[in-house]
Amino acid sequence: MAIYFPEVKKTVPYEGPDSKNPLAYKWYDAEKVVAGKTMKEHFRFAIAYWHTYKAAGVDMFGPAAWERRWNAGSPLKVASQALAANFEFVQKLGLEYYCFHDRDIAPEGKSVAESEKILQGVVKEAAKYQKDTGVKLLWGTANLFGNPRYTHGAGTNPDLQVFAYAAAQIKAALDATAALKGENYVFWGGREGYETLLNTRLKQEQEQLARLLQLAVDYKKKIGFTGQFLIEPKPKEPTKHQYDFDAATVIGFLKTYGLDKDFKLNIEANHATLAGHTFEHELTVAAADKKLGSIDANAGDTLLGWDTDQFPVDIYTTAKAMLVVLDAGGLGSGGFNFDAKCRRGSGETLDLFYAHIGGIDAFAKGLLIADALRSDKALSAFVDERYASWKTDLGKKVLAKKSSLEELTDYAKKSGEPKRVSGRQEYLENIFNDYLLAR
Ligand code: XLS
Ligand code: NI
Ligand code: NI
739 MAIYFPEVKK
749 TVPYEGPDSK
759 NPLAYKWYDA
769 EKVVAGKTMK
779 EHFRFAIAYW
789 HTYKAAGVDM
799 FGPAAWERRW
809 NAGSPLKVAS
819 QALAANFEFV
829 QKLGLEYYCF
839 HDRDIAPEGK
849 SVAESEKILQ
859 GVVKEAAKYQ
869 KDTGVKLLWG
879 TANLFGNPRY
889 THGAGTNPDL
899 QVFAYAAAQI
909 KAALDATAAL
919 KGENYVFWGG
929 REGYETLLNT
939 RLKQEQEQLA
949 RLLQLAVDYK
959 KKIGFTGQFL
969 IEPKPKEPTK
979 HQYDFDAATV
989 IGFLKTYGLD
999 KDFKLNIEAN
1009 HATLAGHTFE
1019 HELTVAAADK
1029 KLGSIDANAG
1039 DTLLGWDTDQ
1049 FPVDIYTTAK
1059 AMLVVLDAGG
1069 LGSGGFNFDA
1079 KCRRGSGETL
1089 DLFYAHIGGI
1099 DAFAKGLLIA
1109 DALRSDKALS
1119 AFVDERYASW
1129 KTDLGKKVLA
1139 KKSSLEELTD
1149 YAKKSGEPKR
1159 VSGRQEYLEN
1169 IFNDYLLAR
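Residues 739 to 1177, numbered by the working numbering, are exactly what the sequence shown covers, in order.
In structure tokens, the structure reads:
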């Protein structure tokens, strides 16, 4: 069998923070128990098939720049080789999960029927690898944005025929995900939005999208697929405006169309910043509604206005994210998928190792910082105190919808001018840094 990553002979080991080995984890100690779970259980890290095996360093100004041996040959041969590369890479990183779009793992055929058949063939091969290696599928999805037929949207397309193609592709991708025991299924609305309102019926398109999602829910029940459905918000790109703008918008959409019981969210860091939010904001909004399902772990560039999908290396951000994840009680069936790619100039397969190791360690360190902050109640003691008045009888009454404007007016008259208290932002930021820097 071909070896695609000869530069790494054995599984990347944990060597601890003093190690100088660039091919070792400094913080990610898979079996280490933190806050009642092993690191492995907290993260369930996954490799994104599209970036890791299918990206070739193409950008707007230049063609493919990377040579990947597994991508040489006929489309079907490439599909088999890429599978081999995937299972080798996931195992060499000591991980257990991967994620794909239908079109990442299998080429599109000349017709809907042929595409289905090709996909089924690849799925059989993937199932065998999963069985042999113990590597699992975190989530599958359908690529409803690449083929030019989806230029004006998939579910939101003004043409019913395109909608039907999208439906067929989702059906096949759901079958594939179910056959591979995927633990989740993701809907990212790649072109579900508009370029100009001059040609767009916004409400009609949103209704169509809701219909498509409902049809997927119905089919999921029919085939007995038990994976969690996830929607991945993104405000723009490729379209000017996408309907799944951010976590709050998606939650509102799901409630409007009666879909909220069937979906959770897959929050991507770079999509958060594109929407003008922080990563922890999007996580917090999703968690507040018990809809935090999974994470696309990456990072943007604050100076660039697009989805750069970089590897997450900023420990300040990962620590803040992990505070939210721990407070939420974890991700359930979700995990941390590295929806991230190397920069065009980092075109060696060795770079794929450095990139993933860096991202994994950044989150592992973030988890340790967040856990220490929580165990010491370093932030939460202050926050509890800040909201203490809501624990009084009157506070409880208001929250239980048992008070009135009259009662509150009486209270305001009696209690006099409220004391002005500091929110202590700078003090809390300093505490955060103390924990960030502690070894
Ligand atoms: C693109 C999205 C995409 C989804 C899966 O911006 O992040 O990669 O995660 O379709
Ligand atoms: Ni993503
Ligand atoms: Ni993205």
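Note that the Cβ used here is the ideal one computed from N, Cα and C, for glycine as well.
For clarity, every value in this text was computed on a predicted model and none was experimentally measured.
Of the residues Y1054, F783, Q1048, R949, the one placed nearest A902, counting alpha carbons only: Selected option, being the one with the closest Cα: R949.
Nearest-angstrom Cα separation, counted from N937 out to L780: It should be noted that the sequence gives His, not Leu, for residue 780. Going by the C-alpha atoms only, they are around 46 Å apart.
According to DSSP, residues forming a beta bridge with K775: DSSP output for K775 lists V772 as bridge partner(s).
DSSP state of T1016 mapped onto helix, strand, coil: Here T1016 sits in coil by DSSP.
Beta strand (DSSP E) runs contained entirely in the stretch 758-838, provided each spans 3 or more residues: Correct list: 784-786.
K1002 beta carbon near ligand 1 (any heavy atom closer than 7 Å): No, the Cβ of K1002 stays beyond 7 Å of every heavy atom of ligand 1.
Beta-carbon spacing of P845, P801 below 8 Å: In this structure, P845 keeps its C-beta atom at 8 Å or more from the C-beta atom of P801.
Endpoints, beta strand (DSSP E) assigned at S1084: Per DSSP, S1084 is not a residue of any beta strand (DSSP E), being assigned neither H nor E.
Closest Cα partner of D767 within the set P760, D984, P755: Among P760, D984, P755, the Cα nearest to that of D767 belongs to P755.
heavy atom of ligand 3 below 7 Å from D1034 C-beta: Correct: D1034 has its Cβ closer than 7 Å to ligand 3.
Top-ranked residue by Cα proximity to A1100, from T1040, G1068, A1059: When only C-alpha atoms are compared, the closest one is A1059.
Under the three-state DSSP convention, the category E1167 falls into: Three-state DSSP puts E1167 in a helix.
Nearest neighbour of L1105, chosen from Y752, Y742, L898, K778 [CA to CA]: Comparing Cα positions, the closest option is K778.
Bridge partners - Q942, DSSP secondary structure assignment: Bridge pairing for Q942: absent [DSSP].
Residue nearest to P971 in terms of C-alpha spacing, selected from K941, A1024, D1000: Of the listed residues, the one whose Cα sits closest to P971 is A1024.
CB of D1077 within 8 Å of CB of D1047, strictly: Yes; because the gap between Cβ atoms is below 8 Å, this pair is in contact.
Element boundaries [beta strand (DSSP E), containing F967]: Where F967 is concerned, the enclosing beta strand (DSSP E) stretches over 966-970.
Contact under 8 Å by Cβ, N1008 with D956: Cβ distance not < 8 Å, so N1008 and D956 don't count as in contact.
Residues near G931 by beta carbon distance below 6 Å, same chain, minus five either side: Cβ neighbours of G931 beyond the five flanking positions: T977, H979, Q980, Y981.
Which of helix, strand or coil DSSP assigns to A1037: A1037: strand per DSSP, three-state reduction.
Y995 versus A1035: straight-line alpha-carbon distance, rounded: Taking the straight line from one Cα to the other gives about 29 Å.
M739 versus A1102 - alpha carbon distance: If I take the Cα positions, the gap works out to 33 Å.
Unbroken alpha helix (DSSP H) run spanning K874, endpoints: Where K874 is concerned, there is no enclosing alpha helix (DSSP H), although the beta strand (DSSP E) it sits in stretches over 874-879.
Beta-carbon proximity of R782 to F1074, cut-off 8 Å: Going by beta carbons, R782 and F1074 fall inside the 8 Å limit.
Distance, F1170 Cα to L833 Cα: Using only the alpha carbons, I get a separation of about 30 Å.
Segment limits, alpha helix (DSSP H) that includes I989: Membership of I989 in the alpha helix (DSSP H) is indicated by the continuous run 985-994.
Nearest-angstrom Cα separation, counted from S757 out to R929: R929 and S757 have their C-alpha atoms some 45 Å from each other.
Cβ neighbour criterion (16 or more within 10 Å) applied to N881: N881 should be labelled buried.
Assigned exposure category for R841 - 16 Cβ within 10 Å defines buried: By the neighbour-count rule (16 or more Cβ atoms within 10 Å), R841 is buried.
DSSP state of H1009 mapped onto helix, strand, coil: Per DSSP, reduced to three states, the secondary structure at H1009 is helical.
D1039 Cβ short of 7 Å to ligand 2 heavy atom set: Not one heavy atom of ligand 2 is found less than 7 Å from the C-beta of D1039.
Nearest neighbour of Y791, chosen from E826, K1135, A762 [CA to CA]: Comparing alpha-carbon positions, the option among E826, K1135, A762 lying closest to Y791 turns out to be E826.
Spatially closest choice to A1057 from T1011, G1097, K815, by CA coordinates: Of the candidates T1011, G1097, K815, the one whose C-alpha sits nearest the C-alpha of A1057 is G1097.
heavy atom of ligand 1 below 7 Å from D1045 C-beta: Residue side-chain check: D1045 places its Cβ nearer than 7 Å to a non-hydrogen atom of ligand 1.
is_contact[G1070, chain B] using C-beta, thresh 8 Å: Chain labels in this structure do not include chain B; a single protein chain is all it has.
Heavy atom of ligand 3 within 7 Å of K960 beta-carbon: Outside the cutoff, so no.
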